[in-house]
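Enquirer: Supplied in structure tokens, the structure appears directly below.
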């Protein structure tokens with residue numbers, strides 16, 4: 001019977017805890033916990049799905065797990081090993097040859113593949129409107145452009161090399177998404193069994209052999225180590241340089257950065273509200289102790305409150321997390337794999353465990369301090385010494401964070417910057433307000449600055465926290481802005497979308513004149529000569545390189561050109577453009593191969609050896625889709641070597657008749673229309689832009705809650721001072737002006753200092769974390785203080801009446 005009152009007591013404690021949460025200062029704790037759980041749940045789930053996207057997109061671009069590529073036939077020993085290890089394989093032989101119809105002819109790219117091509121991705125074909133995706137012997141499938149260029153329809157006969165084929169249908173879409181326009185030439189697919197009868201591959205023919213492999217990473221690595229590569233051989237996998245993979249990987253980095261910053265801001269909100277709760281409940285605890293409440297009973301009472309908070313935040317946060325993940329996924333719906341991979345319970349476990357780890361020190365330390373309050377505090381407030389051992393609870397979230405983010409440089413840059421900048425921002429704010437106090441200001445501003453400068457430590461902490469919050473908001477938004485600015489340069493809206501290659505010298509003027517007469521904006525006509533670099537200062541280029549043996553300029557023949565001036569879209573970083581015996585080198589190639597100004601290079605071109613001295617190093621933006629080259633020679637170096645010409649230009653839908661006319665008038669010119677590829681790239685960029693914008697919006701919400709909490713708590717602490725001002729005769733109008741002046745100074749000083757901190761942090765993140773050029777963001781210098789002042793205005797307006805109510809009751 002002695003235990004019968006226990007359930008009633010527990011119900012009473014539960015009801016009291018609910019009332020304490022509702023009317024006390026713990027509801028912001030619940031908001032902060034909910035935000036932590038929702039954001040971590042959503043971003044963890046989306047990150048798992050984004051990883052699936054990166055793997056899927058990378059492999060589909062390759063059409064396999066890994067690809068062996070060579071200008072020579074696939075080595076028999078490699079094929080034997082593939083068969084021995086039972087690795088799924090396919091192949092492709094790519095070469096250029098002439099195609100003839102009854103009325104026209106065209107230089108085309110032929111791709112000979114087996115029936116199981118591709119291993120990953122999809123080859124979309126159309127035969128009389130019916131979709132197909134596999135090739136059979138004796139079939140010929142043509143790129144849509146070739147139907148008009150060869151003036152044929154399905155069922156007509158087209159001669160490819162020495163073989164006649166009946167046109168089977170159209171190529172709707174080839175597998176993969178390539179950002180290289182030179183891989184977008186009009187294609188024709190034939191079955192691999194028909195390759196020999198074309199007679200197109202002869203001694204000296206330019207052919208590319210690809211072997212596609214699907215297998216376990218250990219099996220493929222074993223193949224790589226067992227094959228010695230020649231200069232024309234290479235292995236490619238999903239980690240190979242790819243602009244699409246680069247964007248996805250940077251999006252993942254931004255995801256991690258967003259999670260870390262949102263959690264940090266929400267955790268800061270949690271700590272502030274807990275500290276404020278302790279400050280407001282010291283007398284309550286002292287009174288309960290004076291009435292005989294024991295420590296165990298108080299621990300149970302506080303534990304019930306914490307349990308209710310965590311349960312409530314877990315349920316609401318999880319539901320919000322599911323909805324938030326759905327919203328973040330909407331812009332990526334076309335990129336995510338179908339069906340979507342299940343994320344299971346892992347995001348929920350990660351989100352709840354993270355919130356619990358953060359809650360332990362955030363609530364534990366102030367609650368331990370609260371439990372040490374003496375009953376004497378009911379009569380006379382006393383300073384309770386802090387329990388130093390309680391601060392060991394900080395290690396509870398810190399240690400797991402060290403393990404999770406051990407290799408994430410961006411996160412540690414932000415956290416390190418936060419710790420250092422918090423101190424710096426606080427000190428600079430104190431100096432700034434002390435300097436302002438020396439200026440001749442009106443009474444309200446003098447009172448405000450006097451209040452701010454009264455407690456250096458409190459002022460430094462308050463300003464540091466406010467400036468840091470604003471800085472984190474600015475960091476997230478600016479990183480987003482700079483990333484999107486870089487991504488949108490992947491394919492500018494005014495970029496060339498058509499390339500004409502193999503223009504013979506005798507037809508160059510006529511071809512360019514046709515473009516100019518139609519008002520088509522075009523590039524300079526660049527002479528094209530193929531070759532490879534041989535030696536650097538007399539040594540083999542591979543030996544001389546700085547670990548850049550995988551550079552394209554060493555692996556294969558590349559396109560050279562010559563000009564008496566630098567291209568307008570290239571920037572010369574070092575040296576000066578010379579007119580004789582010289583070559584200009586692209587920056588990355590120079591770095592990979594250890595090339596410096598004044599080096600003597602030799603090249604092999606059409607079995608001839610030519611020499612040139614490096615006169616300049618250029619920066620090249622490959623994504624602008626303009627003709628760019630690793631090496632550009634002075635005209636005299638290649639004067640005796642025959643060249644064809646290349647020109648790029650931009651066309652719209654209304655220019656299609658012109659393209660058809662050019663194809664008929666110049667049948668040997670290869671015209672590459674990359675508008676379809678450009679549309680894919682633009683859509684890809686737009687979808688990722690929306691996703692990253694939503695992520696940045698989430699950080700803005702977290703930051704706004706933190707700033708609101710900071711200002712709300714600091715304004716609430718002014719109530720007793722406001723009453724003192726009124727007691728000393730200050731008018732209501734002056735009190736309000738003083739409050740506005742104080743917070744106006746806070747907004748201005750914290751905003752300006754946050755801008756400086758944000759610019760420094762963003763510059764470090766962009767240059768080190770994302771390998772991008774940092775830049776200043778001038779609009780931020782106006783917007784951030786304005787944002788701080790507007791947020792301040794909302795807080796002050798929401799609490800002003802409550803602050804002045806006691807005054808009205810007491811003095812009116």
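In the UniProt record's numbering, the protein residues as written are 1 to 812. From the three backbone atoms N, C-alpha and C, an ideal C-beta is built for every residue, glycine too. No experiment lies behind these values; they were computed from the predicted model shown.
At which residues does the beta strand (DSSP E) containing residue 125 begin and terminate?
Expert: Numbered from 1 along the chain shown, position 125 holds the residue referred to as residue 125. 124-127 is the extent of the beta strand (DSSP E) around residue 125.
Enquirer: Could you check whether residue 64 and residue 270 sit closer than 8 Å to each other, using their CB atoms as the reference points?
Expert: By 1-based counting over the chain shown, the position of residue 270 is 270. By 1-based counting over the chain shown, the position of residue 64 is 64. Contact flag unset, no.
Enquirer: Starting from residue 511 and walking both ways along the alpha helix (DSSP H), at which residues does that stretch end?
Expert: As a position in the chain shown, residue 511 is number 511, starting the count at 1. Looking at the DSSP string, the run of the alpha helix (DSSP H) that includes residue 511 is 508-517.
Enquirer: Shortest alpha-carbon distance to residue 94 belongs to which of 785, 198, 295?
Expert: Residue numbering aside, residue 94 sits at position 94 when the chain shown is read from its first letter. Ranking the options by Cα distance to residue 94, first place goes to 198.
Enquirer: Hey, quick one: how far does the beta strand (DSSP E) through residue 164 stretch, first residue to last?
Expert: Sequence index remark: in the chain shown, residue 164 carries index 164 (1-based). Residues 163-173.
Enquirer: Return the Cβ separation of residue 273 and residue 32 in integer angstroms, given the expectation that the two are a contact with Cβ distance under 8 Å.
Expert: As a working note, residue 273 is residue 273 in the chain shown. As a working note, residue 32 is residue 32 in the chain shown. Their Cβ separation, rounded to whole angstroms, is 7 Å, which keeps residue 273 and residue 32 in contact under 8 Å.
Enquirer: Which residues mark the beginning and the end of the alpha helix (DSSP H) in which residue 226 is found?
Expert: Taking the chain shown and counting its residues from 1, the one referred to as residue 226 is at position 226. Per DSSP, residue 226 belongs to the alpha helix (DSSP H) from 217-226.
Enquirer: Can you tell me which of 568, 518, 145, 427 puts its alpha carbon nearest to the alpha carbon of residue 667?
Expert: Sequence index remark: in the chain shown, residue 667 carries index 667 (1-based). Checked all of 568, 518, 145, 427; the closest Cα to residue 667 is 145.
Enquirer: Determine the contact status of residue 598 and residue 583, defining contact as a CB-CB distance below 8 Å.
Expert: To locate residue 598, count along the chain shown from 1; it is residue 598. To locate residue 583, count along the chain shown from 1; it is residue 583. No. Outside cutoff.
Enquirer: Given 8 Å as the limit, is there contact between the stretch 651-664 and the stretch 503-523, that is, 3 or more CB pairs closer than that?
Expert: Counting Cβ pairs under 8 Å, three or more are found: they touch.
Enquirer: Nearest-angstrom Cα distance between residue 71 and residue 104?
Expert: Within the chain shown, residue 71 is the residue found at index 71, counting from 1. Within the chain shown, residue 104 is the residue found at index 104, counting from 1. The alpha-carbon atoms of residue 71 and residue 104 are separated by roughly 30 Å.
Enquirer: Since residue 438 is in the alpha helix (DSSP H), which residue starts that stretch and which ends it?
Expert: Position 438 of the chain shown, counted from the first residue, corresponds to residue 438. Per DSSP, residue 438 belongs to no alpha helix (DSSP H) and is neither H nor E.
Enquirer: Going by DSSP, name the residue or residues bridged to residue 644.
Expert: As a working note, residue 644 is residue 644 in the chain shown. Residue 644 is bridged to 528.
Enquirer: Just to confirm before moving on: does the CB-CB distance between residue 749 and residue 429 stay below 8 Å?
Expert: Here residue 749 refers to the residue found at position 749 when the chain shown is read from its first residue. Here residue 429 refers to the residue found at position 429 when the chain shown is read from its first residue. Contact flag set, yes.
Enquirer: Using beta carbons (cut-off 8 Å, strictly below), is residue 312 in contact with chain E?
Expert: Checking the listed chains, one finds no chain E in this structure; it contains a single protein chain.
Enquirer: Judging by CA-CA distance, which residue of 396, 404, 467 is the nearest neighbour of residue 814?
Expert: Since the first and last residues shown for the chain are 1 and 812, residue 814 lies out of range.
Enquirer: Since residue 564 is in the beta strand (DSSP E), which residue starts that stretch and which ends it?
Expert: As a working note, residue 564 is residue 564 in the chain shown. Per DSSP, residue 564 belongs to no beta strand (DSSP E) and is neither H nor E.
Enquirer: So what's residue 639 in DSSP terms, helix, strand or just coil?
Expert: The count along the chain shown starts at 1 and reaches residue 639 at position 639. Correct three-state label for residue 639: coil.
Enquirer: In the DSSP assignment, what are the bridge partners of residue 93?
Expert: On the chain shown, position 93 is the one that residue 93 refers to. According to DSSP, residue 93 bridges with 112, 209.
Enquirer: If distances are taken between C-alpha atoms only, which option among 259, 777, 394, 275 comes closest to residue 43?
Expert: Sequence index remark: in the chain shown, residue 43 carries index 43 (1-based). If we check each option's Cα against that of residue 43, 259 comes out closest.
Enquirer: Which complete alpha helix (DSSP H) runs does the stretch 573-641 hold, if anything under 4 residues is left out?
Expert: DSSP runs (the alpha helix (DSSP H)) wholly in the stretch 573-641: 587-593.
Enquirer: Check whether the stretch 527-541 touches the stretch 639-648, taking contact to mean three or more Cβ pairs, one atom from each stretch, closer than 8 Å.
Expert: Contact between the stretch 527-541 and the stretch 639-648 is present, because at least three Cβ pairs lie under 8 Å.
Enquirer: Quick one: Cα of residue 83 to Cα of residue 121, how far?
Expert: Taking the first residue of the chain shown as 1, we reach residue 83 at position 83. Taking the first residue of the chain shown as 1, we reach residue 121 at position 121. Each residue's alpha carbon lies about 23 Å from the other.
Enquirer: Can you name, in chain order, every residue of its own chain whose Cβ lies under 7 Å from the Cβ of residue 181, other than the five neighbours on each side?
Expert: Your numbering for residue 181 matches position 181 in the chain shown. Confidence in residue 181 is poor, its pLDDT being 45 and thus under 50, which makes the residue's placement too unreliable to answer from.
Enquirer: From 477, 569, 140, 526, pick the residue whose C-alpha is nearest to that of residue 765; which is it?
Expert: In the chain shown, counting from the first residue as 1, residue 765 sits at position 765. Cα-wise, what sits closest to residue 765 is 477.
Enquirer: Between residue 580 and residue 617, what straight-line distance do the alpha-carbon atoms span, to the nearest angstrom?
Expert: Start at 1 with the first residue of the chain shown, and residue 580 comes out as number 580. Start at 1 with the first residue of the chain shown, and residue 617 comes out as number 617. Their Cα atoms are separated by approximately 16 Å.
Enquirer: Which residues in the same chain have their Cβ closer than 6 Å to the Cβ of residue 266, if we skip the five residues on either side of it in sequence?
Expert: By 1-based counting over the chain shown, the position of residue 266 is 266. If we look at residue 266 and ignore the five residues flanking it on each side, its Cβ neighbours are 32, 35, 36, 702.
Enquirer: In angstroms with no decimal places, state the Cα-to-Cα distance between residue 735 and residue 322.
Expert: Working through the chain shown from its first residue, we reach residue 735 at position 735. Working through the chain shown from its first residue, we reach residue 322 at position 322. Near 46 Å, if we compare the C-alpha coordinates of residue 322 and residue 735.
Enquirer: Between residue 526 and residue 627, is the Cβ-Cβ spacing less than 8 Å?
Expert: In the chain shown, the residue the question calls residue 526 occupies position 526. In the chain shown, the residue the question calls residue 627 occupies position 627. In contact: residue 526 and residue 627 (Cβ atoms closer than 8 Å).
Enquirer: Quick check on this structure: which residue in 495, 574, 510 has the alpha carbon closest to the alpha carbon of residue 621?
Expert: Stepping through the chain shown from its first residue, residue 621 is reached at position 621. When each option's Cα is compared against that of residue 621, the closest is 495.
Enquirer: Indicate whether residue 416 and residue 464 have their beta-carbon atoms separated by less than 8 Å.
Expert: As a first step, residue 416 must be located in the chain shown, where it is residue number 416. As a first step, residue 464 must be located in the chain shown, where it is residue number 464. No; because the gap between Cβ atoms is not below 8 Å, this pair is not in contact.
Enquirer: Please report the straight-line C-alpha distance between residue 612 and residue 585, rounded to a whole angstrom.
Expert: Against the chain shown, residue 612 aligns to sequence position 612. Against the chain shown, residue 585 aligns to sequence position 585. Distance between the alpha carbons of residue 612 and residue 585: 11 Å.
Enquirer: Look up residue 151 in the DSSP assignment and say whether it is helix, strand or coil.
Expert: Translated into positions along the chain shown, residue 151 becomes position 151. Of the three classes helix, strand and coil, the one that applies to residue 151 here is coil, per DSSP.
Enquirer: Short check: CB of residue 113 to CB of residue 92, under 8 Å?
Expert: Walking along the chain shown from the start, residue 113 turns up at place 113. Walking along the chain shown from the start, residue 92 turns up at place 92. Closer than 8 Å, so yes.
Enquirer: Could you check what DSSP says for residue 367 in three-state terms: helix, strand or coil?
Expert: Here residue 367 refers to the residue found at position 367 when the chain shown is read from its first residue. DSSP places residue 367 in helix when its eight states are reduced to three.
Enquirer: Can you tell me the Cα-Cα spacing of residue 278 and residue 369, whole angstroms?
Expert: Along the chain shown, one-based indexing puts residue 278 at 278. Along the chain shown, one-based indexing puts residue 369 at 369. Answer to the nearest angstrom: the Cα atoms are 8 Å apart.
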